[in-house]
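Here the structure comes first, spelled out in structure tokens, and everything after it is commentary.
Residue numbers (our numbering): 93 to 176.
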């Protein structure tokens, strides 16, 4: 590995899955202004839309998560090509 290209400022950060409120703590260099208290300790908070506890591949459940309306946008855009 090349020397001097990896960050040195790793710290404990809480990642919160917003779809199921699961919180896990790991080391990261991600910057954030939000914090959360977990077990009496305050950590920087990174919010996630999907994580290992809600992703269909890991849970074995098929669940549709469309927080940005991308599926409706796609359907509207390509509805003119739909067979009648």
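Just so you know, even glycine gets a beta-carbon here, dropped at the ideal spot from N, CA and C.
Rounded to a whole number of angstroms, what is the C-alpha to C-alpha distance between residue i and residue j?
i, j, result
"residue 100", "residue 118", "15 Å"
"residue 105", "residue 140", "13 Å"
"residue 169", "residue 134", "45 Å"
"residue 115", "residue 93", "32 Å"
"residue 143", "residue 95", "31 Å"
"residue 132", "residue 97", "34 Å"
"residue 174", "residue 167", "10 Å"
"residue 113", "residue 163", "24 Å"
If you reduce the DSSP assignment to three classes, tell me which class residue i lands in.
i, result
"residue 109", "strand"
"residue 169", "helix"
"residue 142", "coil"
"residue 163", "helix"
"residue 117", "strand"
"residue 133", "strand"
Sort the options by Cα distance to residue i and report the nearest one.
i, options, result
"residue 102", "96, 111, 122", "122"
"residue 127", "108, 163, 167, 144", "108"
Are the CB atoms of residue j and residue i within a distance shorter than 9 Å?
i, j, result
"residue 111", "residue 138", "no"
"residue 145", "residue 136", "no"
Would the beta-carbon of residue i be found less than 8 Å away from any heavy atom of the ligand MN?
i, result
"residue 133", "The ligand MN is not part of this structure, which contains no ligands at all."
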